[in-house]
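The numbering of the sequence shown is my numbering, which starts it at 10 and goes up by one.
Virtual Cβ for every residue (Gly too), placed ideally from N, Cα, C.
Encoded as structure tokens, the structure appears first; notes follow it.
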Amino acid sequence: MAQSLTILGIESSCDDTAAAVVRLTDRPEILSSVVEGQTALHADFGGVVPEIAARAHAERLDGCVERALHAAGMTLTDMDAIAVTAGPGLIGGVLSGVMLARGLAAATGLPLLGINHLAGHALTPRLTDGLAYPYLMLLVSGGHCQFLIVKGPESFTRLGGTIDDAPGEAFDKVAKMLGLPQPGGPAVEAEACSGTARRFTLPRPLLDRPGCDLSFSGLKTAVLRARDGVVAEKGGLTRADRADLCAAFQTAVCDVLAEKSRRAMAAFRAEVGSEGSFGFAVAGGVAANGPIRQALQTLAEGQGFAFVAPPLGLCTDNAAMIAYAGLELMQTGRQDQGEVIARPRWPLDQTAPALIGSGKKGAKS
Ligand code: KG4
Ligand code: ZN
10 MAQSLTILGI ESSCDDTAAA VVRLTDRPEI LSSVVEGQTA LHADFGGVVP EIAARAHAER
70 LDGCVERALH AAGMTLTDMD AIAVTAGPGL IGGVLSGVML ARGLAAATGL PLLGINHLAG
130 HALTPRLTDG LAYPYLMLLV SGGHCQFLIV KGPESFTRLG GTIDDAPGEA FDKVAKMLGL
190 PQPGGPAVEA EACSGTARRF TLPRPLLDRP GCDLSFSGLK TAVLRARDGV VAEKGGLTRA
250 DRADLCAAFQ TAVCDVLAEK SRRAMAAFRA EVGSEGSFGF AVAGGVAANG PIRQALQTLA
310 EGQGFAFVAP PLGLCTDNAA MIAYAGLELM QTGRQDQGEV IARPRWPLDQ TAPALIGSGK
370 KGAKS
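Right, dumping it as structure tokens:
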């Protein structure tokens, strides 16, 4: 049996407080994963309030770590290292996690690793499916939207990303303007099932421009105008109007993501080589959307890519992905110790130009 490494992961960069224990022998194994969401705390404010998030993380982190260790049947002395999200994200939350991890590392003498939250998402297909490097990754959530070539635990090329809202954020805003509950994605998807997409003509932003960058802000505004048009004409929205608006919006997001993914696949092959079979991995809350997932899977298969979508609990924010990224980095010999500092902005691909825009959940790059 290969040498075993066990690592405690800590995540607090947005609105989920999380801790997990992951062990690597010949393959990675999640021994525990605790996630405490904060949706109810922010519900009245229409978005994540950084100060409320930071306070909740500070109050809950200790308990999450204790529960994760307990669920794994272990104590800190069984760990080989601690991995903590050091950015990008909301600075107060990231600081809460980093300070706790630094304290634990100082008290126990364990090695400490500062992890890029986006690297955690990007490496998840290796944790769940053992996907080989290099692969193409699409992160689509309420806070992220980018295409990456993942070549190694610290080697990423960003092919493109959103220049304004993330798609999940657009789903949430569309739900809000139609009086649907939050989070908006599942609510809009459910309404869209009974709607007719072609009744409203909505734009497909940035498809007329080359490259893999995306934009969702104008699409959201177009839904608002279409809604106002119906309200002005009829004095209100019927259930069918709402369903048609949801269907039109979801189809537009689907079209944009599929076409940009097709371009990202071509860019991937241009960089990595056209021979061989590669993976196309999709992660983030929006990957839960049935029609979007189906369109991306069909596209991937048509283009000769193996489609990988990790289970939803590991696509959304969690600490198992942070622990796993720590395991990969440990194997490269990296250790950060007291040098781990909180970085609110921390692009995975340091050579790519910064993306404009920073939505409700913080920096996108
Ligand atoms: O990855 P995630 O849990 O959190 C972060 O954003 O970090 O993603 C949440 C986002 C929300 O904006 C939510 O509306 C969206 O993912 N979402 C969906 C669906 N389920 C969740 N969007 C479209 N369709 C869905 N079924
Ligand atoms: Zn995330």
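- Judged by DSSP secondary structure, residue 154 falls within the beta strand (DSSP E) whose first and last residues are 154 to 161.
- Taking C-beta separations shorter than 6 angstroms and ignoring five residues to either side along the sequence, the partners of residue 120 in its chain run 90, 344, following chain order.
- Under the 10 Å beta carbon count, residue 164 is surrounded by fewer than 16 other beta carbons and is classified as exposed.
- It is roughly 29 angstroms from the alpha-carbon of residue 273 to the alpha-carbon of residue 20.
- Excluding five sequence positions before and after residue 325, the CB atoms of its chain that fall closer than 6 angstroms to its own CB belong to 294, given in chain order.
- For the pair residue 155 and residue 311, the Cα-to-Cα distance works out to about 21 angstroms.
- For residue 195, the Cβ falls inside the 7 angstroms cut-off from some heavy atom of the ligand KG4.
- Under the three-state reduction of DSSP, residue 214 is assigned to coil, being neither helix nor strand.
- Straight-line measurement puts the Cα of residue 298 at about 15 angstroms from the Cα of residue 316.
- At least one heavy atom of the ligand ZN falls within 7 angstroms of the beta-carbon of residue 152.
- The region 258 to 288 contains no complete alpha helix (DSSP H) run of 4 or more residues.
- By alpha-carbon distance to residue 205, the top candidate from 258, 183, 186 is 258.
- Selection 38, 270, 285, 22 evaluated against residue 108 yields 22 as nearest (Cα-Cα).
- Bounds of the beta strand (DSSP E) holding residue 38 are 37 to 46.
- Rounded to the nearest angstrom, the gap between the Cα atoms of residue 280 and residue 237 is 45 angstroms.
- Residue 309 places its beta carbon 8 angstroms or farther from that of residue 148.
- If you ignore the 5 residues before and after residue 321, its C-beta comes within less than 7 angstroms of the C-beta of 297, all in its own chain and listed in chain order.
- Our two residues, residue 96 and residue 355, have alpha carbons roughly 6 angstroms apart in a direct line.
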